[in-house]
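Letter 31 of the sequence shown, counting from 1, is numbered 31 in the working numbering, and no numbers are missing.
We treat Cβ as the ideally placed atom computed from N, Cα and C, and that holds for glycine.
I have placed the structure first, in the form of structure tokens, so that the comments after it can refer back to it.
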Amino acid sequence: MSYRSLRECLVDLERHKHLVRIESEIDPYLEAAEIQRRVYQAGGPALLFERVKGCRFPMASNLFGTLDRTRFIFRRTLATVRHLVELKIDPNEFWKNPLRFRDVPRTLWSMRPKFVKDGPVLAGKTTIDQLPQLVSWPRDGGAFITLPQVYTEDAGRPGWRYSNLGMYRIQLSGGQYRPNQQIGMHYQIHRGIGVHHAQARQHGVPLRVAVWVGGPPAMTLSAVMPLPESLPELAFAGALGGRRVRLIADEPRAALNADADFCIVGTVDPDKLLPEGPFGDHLGYYSLAHPFPVLNVEKVYHRRDAVWPFTVVGRPPQEDTSFGEIIHEITGPIIPTVVHGVHAVHAVDAAGVHPLLLAIGSERYVPYAERRKPQELLTCANAILGQGQLSLAKYLLIVAREDDPKLDIHDIRAFLRHLLERVDWRTDLHFQTCTTIDTLDYSGTGLNEGSKLVIAAAGPRRRELSNEVPSELRLPEGFSEPRVCLPGILAIQSPACGLARDPTAERFAEAFRPSDPINRFPLIVLVDDSEFVAEALNNFIWTTFTRSNPAADIQGIGAFTRQKHWGCEGSLVIDARLKPHHAPPLVEDPAASKRVESLAVRGGPLHGII
Numbered sequence: 001m002s003y004r005s006l007r008e009c010l011v012d013l014e015r016h017k018h019l020v021r022i023e024s025e026i027d028p029y030l031e032a033a034e035i036q037r038r039v040y041q042a043g044g045p046a047l048l049f050e051r052v053k054g055c056r057f058p059m060a061s062n063l064f065g066t067l068d069r070t071r072f073i074f075r076r077t078l079a080t081v082r083h084l085v086e087l088k089i090d091p092n093e094f095w096k097n098p099l100r101f102r103d104v105p106r107t108l109w110s111m112r113p114k115f116v117k118d119g120p121v122l123a124g125k126t127t128i129d130q131l132p133q134l135v136s137w138p139r140d141g142g143a144f145i146t147l148p149q150v151y152t153e154d155a156g157r158p159g160w161r162y163s164n165l166g167m168y169r170i171q172l173s174g175g176q177y178r179p180n181q182q183i184g185m186h187y188q189i190h191r192g193i194g195v196h197h198a199q200a201r202q203h204g205v206p207l208r209v210a211v212w213v214g215g216p217p218a219m220t221l222s223a224v225m226p227l228p229e230s231l232p233e234l235a236f237a238g239a240l241g242g243r244r245v246r247l248i249a250d251e252p253r254a255a256l257n258a259d260a261d262f263c264i265v266g267t268v269d270p271d272k273l274l275p276e277g278p279f280g281d282h283l284g285y286y287s288l289a290h291p292f293p294v295l296n297v298e299k300v301y302h303r304r305d306a307v308w309p310f311t312v313v314g315r316p317p318q319e320d321t322s323f324g325e326i327i328h329e330i331t332g333p334i335i336p337t338v339v340h341g342v343h344a345v346h347a348v349d350a351a352g353v354h355p356l357l358l359a360i361g362s363e364r365y366v367p368y369a370e371r372r373k374p375q376e377l378l379t380c381a382n383a384i385l386g387q388g389q390l391s392l393a394k395y396l397l398i399v400a401r402e403d404d405p406k407l408d409i410h411d412i413r414a415f416l417r418h419l420l421e422r423v424d425w426r427t428d429l430h431f432q433t434c435t436t437i438d439t440l441d442y443s444g445t446g447l448n449e450g451s452k453l454v455i456a457a458a459g460p461r462r463r464e465l466s467n468e469v470p471s472e473l474r475l476p477e478g479f480s481e482p483r484v485c486l487p488g489i490l491a492i493q494s495p496a497c498g499l500a501r502d503p504t505a506e507r508f509a510e511a512f513r514p515s516d517p518i519n520r521f522p523l524i525v526l527v528d529d530s531e532f533v534a535e536a537l538n539n540f541i542w543t544t545f546t547r548s549n550p551a552a553d554i555q556g557i558g559a560f561t562r563q564k565h566w567g568c569e570g571s572l573v574i575d576a577r578l579k580p581h582h583a584p585p586l587v588e589d590p591a592a593s594k595r596v597e598s599l600a601v602r603g604g605p606l607h608g609i610i
């Protein structure tokens, strides 16, 4: 269905039993977020909070809480968008079956925004402090917009064709912001808005910004789509929404979404920065306060029937997992046309997306060789790390399709088994040091600073993976509780890390020889709680890849350096303990949890839902 507004979507969801109204008053401080987390984990419905404490606007959450519901919301247009992707991959497909693509011309027309003089979003005006003040985690620095659509244009090429619509964190209160006059904007300079910021600086003008909240759900998904720079998000939103996006011209380099529920308009001073954060983020830790741009607020518009949509980010999986899944469904087939030789990539949600990227590539460079080894895979890996958001990957694990054409990249257990059976730690580790990493990743040496590791494995199996802790295993003093996480992967409880330069992992690796029984496990992870890590696959992935900086935290049994290449003869050892410089992990507020549990008792509004 082509929804014209968020309200229209909510009514449709309710009619089809996908939405529940909550009539009890709900506090936007911690309580609403706790409800959202619980309902998402239970696979529950979308929620409409009709009474919000201290605010006259209702709130909605969990719209995209399941992949099935996300598909349902876009059920009338997903097929058409896939047709566009097919034609992008091979335009000749149109002539093979023109009837299959008969919906494409109309969709192409819907990709062009429509400019109007008025719209529902201009019905009312308010101030920042009258908006829902959502605080998701106890240490958050204030209230945040968690589903913003941030619209900017190029100062040198104004207009929608070179516009950017992105989902960048917006802090409404707290910190050093002047109430109702300033709000914080968290974005990285390599994002589309960062390019526009740089252009504004070059032209000596403030960056004009419109922050849209709500509106047709196609706008929300479009704001997180990893699109090429040649395709504006507004065009994709028109295709996904099944209708042209309606824009109200505000002034040069800005526009309002006529059908949004809210719109905040202002300018970003090219040089002014203020501390933004802390904020509980999608890696499962707080991102701390750092200087980021400030939006000087001029106007805040809203519809008469405005609803404030929100989500909660935190340790995956959360609602944004559905975004990743639907994005993969739409864009997955196009990956081989963008990166030659790559057949599939999977940014692992359980690791917080950017810390761990899996890939399947080709290995065809020397087809006559007796023993296949990574060569073309390294070319593929370098290409992957040069592509937009894929460049943020910290660990890139890549294997050759020729070794198992049926390998499913989304079967993480099978993928790790395949890699560990073939990897040669002497040659297959390729580090990038002193490089940029995700702003939200605190495992590195500073903000945006850290290292990357490519592990490329190809060829026949070289080992059997152990499933049992060797009975003769003797651990060094201070290490205990070995637990098997997966075949070939052993977690060992280790002394707590109290130093910036902690030699614990190196001491552990030096205690063994490559011939010792522990090497039956090619991968060893040193952790704070081995029982927790081995309890579930997601626990292993989250702990290992969010708490380690490859260049600093990887050791090996029988390690060596030859011609500046580092490798090891025995097991690879990853130090995945919490370090003193890491951000604190997210923990729910006990009082908020207790309140939410009281809403779930018999007769309560959440009974039978959580």
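query                                                                                                                                                                                    : result
Using a Cβ-Cβ cutoff of less than 8 Å, which residues in the same chain neighbour Val135 once the five nearest sequence positions on both sides are dropped?                             : Pro28, Tyr29, Leu30, Ala33, Gly142, Ala143 and Phe144
Under a Cβ-count criterion, where at least 16 other Cβ atoms within 10 Å of its own Cβ denotes burial, should His607 be classed as buried or exposed?                                    : exposed
Examine the Cβ distances between the stretch 340-359 and the stretch 372-386 and report whether three or more of them are shorter than 8 Å.                                              : yes
Run through the DSSP bridge pairs and tell me what Arg562 is partnered with.                                                                                                             : His565
Near Lys452, which residues of its chain fall below 8 Å by C-beta distance, leaving aside the five closest residues on each side in sequence?                                            : Leu385, Ala393, Lys394, Tyr395, Leu396, Phe431, Gln432, Thr435, Ile437 and Pro550
Would you check if the distance between the CB atom of Pro278 and the CB atom of Leu288 is smaller than 7 Å?                                                                             : yes
At what residues does the alpha helix (DSSP H) containing Cys380 begin and finish?                                                                                                       : Glu376 to Ile384
Just verifying my parser: in three-state terms, what is the DSSP assignment at Ala218?                                                                                                   : helix
So does the stretch 398-410 actually touch the stretch 485-505, counting three or more Cβ pairs closer than 8 Å?                                                                         : no
Starting from the Cα of Ile22, find the closest Cα among Ser5, Gln41 and Val52 and give me that residue.                                                                                 : Val52
Who are the near neighbours of Leu159 in its chain, counting only those whose CB is closer than 7 Å to its CB and skipping five residues on each side?                                   : The question names Leu, yet the displayed sequence has Gly at residue 159. For Gly159, where only same-chain residues beyond five positions count, the Cβ hits under 7 Å are Glu153.
Hey, which unbroken runs of the alpha helix (DSSP H) at 4 residues or more fall wholly within the stretch 521-547?                                                                       : 530-535 and 537-546
Considering only residues of the stretch 334-373, which uninterrupted alpha helix (DSSP H) runs meet the minimum length of 4 residues and lie entirely inside it, listed in chain order? : 335-338
Around the Cβ of Lys17, are there at least 16 other Cβ atoms within 10 angstroms (buried) or fewer (exposed)?                                                                            : exposed
If you follow the alpha helix (DSSP H) that Tyr40 is part of, which residue opens it and which one closes it?                                                                            : Glu31 to Gln41
Please name the residue, chosen from Gln36, Arg15, Leu537 and Leu13, that lies closest to Arg600 on a Cα-to-Cα basis.                                                                    : Here residue 600 is Ala; the residue named in the question, Arg, does not match the sequence. Comparing Cα-Cα distances from Ala600 to each of Gln36, Arg15, Leu537 and Leu13, the minimum goes to Gln36.
For the beta strand (DSSP E) containing Asp575, name the first residue and the last one.                                                                                                 : Leu572 to Asp575
So is Gln182 buried or exposed if we call it buried at 16+ other beta carbons inside 10 Å?                                                                                               : buried
Given Asp622, which residues of its chain have a CB within under 7 Å of its CB, disregarding the five upstream and five downstream residues?                                             : Not covered by the structure: residue 622. The range shown for the chain is 1 to 610.
Assuming Val345 contacts Leu357 (C-beta within less than 8 Å), just tell me the rounded distance between them.                                                                           : 6 Å
Give me, in chain order, the residues of the same chain whose beta-carbon lies closer than 6 Å to that of His582; leave out the 5 immediate sequence neighbours on both sides.           : Tyr442
Under the rule that 16 or more other beta-carbon atoms within 10 Å means buried, what is Leu6, buried or exposed?                                                                        : buried
Val150 and Cys263: beta carbons closer than 7 Å?                                                                                                                                         : no
How far does the beta strand (DSSP E) with Ala457 in it reach, from first residue to last?                                                                                               : Glu449 to Ala457
The alpha helix (DSSP H) that contains Glu233, what's its start and end?                                                                                                                 : Glu233 to Gly241
For Val596, which residues of its own chain have a beta-carbon under 8 Å away from its beta-carbon, when the five flanking residues on both sides are left out?                          : Glu31, Glu34, Ile35, Arg38, Leu606 and Ile610
Distance, Cα to Cα, Ser222 vs Pro590?                                                                                                                                                    : 36 Å
Starting from Gly324 and walking both ways along the beta strand (DSSP E), at which residues does that stretch end?                                                                      : That residue, Gly324, is in no beta strand (DSSP E); its alpha helix (DSSP H) goes Asp320 to Thr331.
Can you list, in chain order, the residues of its chain with a C-beta nearer than 7 Å to that of Leu84? Leave out the 5 residues immediately preceding and following it.                 : Val104, Thr107 and Ala239
Which runs of the alpha helix (DSSP H) fall wholly inside the stretch 477-518 and span at least 4 residues, in chain order?                                                              : 504-510
With distances taken between CB atoms, is the gap from Ile409 to Asp428 smaller than 7 Å?                                                                                                : no
Tell me which same chain residues have a C-beta within less than 6 Å of the C-beta of Lys114, skipping the five on either side of it?                                                    : Arg244 and Arg246
Which complete beta strand (DSSP E) runs does the stretch 383-408 hold, if anything under 3 residues is left out?                                                                        : 395-400
Give the DSSP-derived three-state secondary structure of Gln130 in the structure shown.                                                                                                  : helix
Taking the alpha helix (DSSP H) that Ile193 belongs to, which residues open and close that run?                                                                                          : Gly192 to His203
Candidates Thr146, Pro132 and Ser2: which alpha carbon is nearest Asn110's?                                                                                                              : Note on residue identity: the sequence assigns Ser, not Asn, to residue 110. Comparing Cα-Cα distances from Ser110 to each of Thr146, Pro132 and Ser2, the minimum goes to Ser2.
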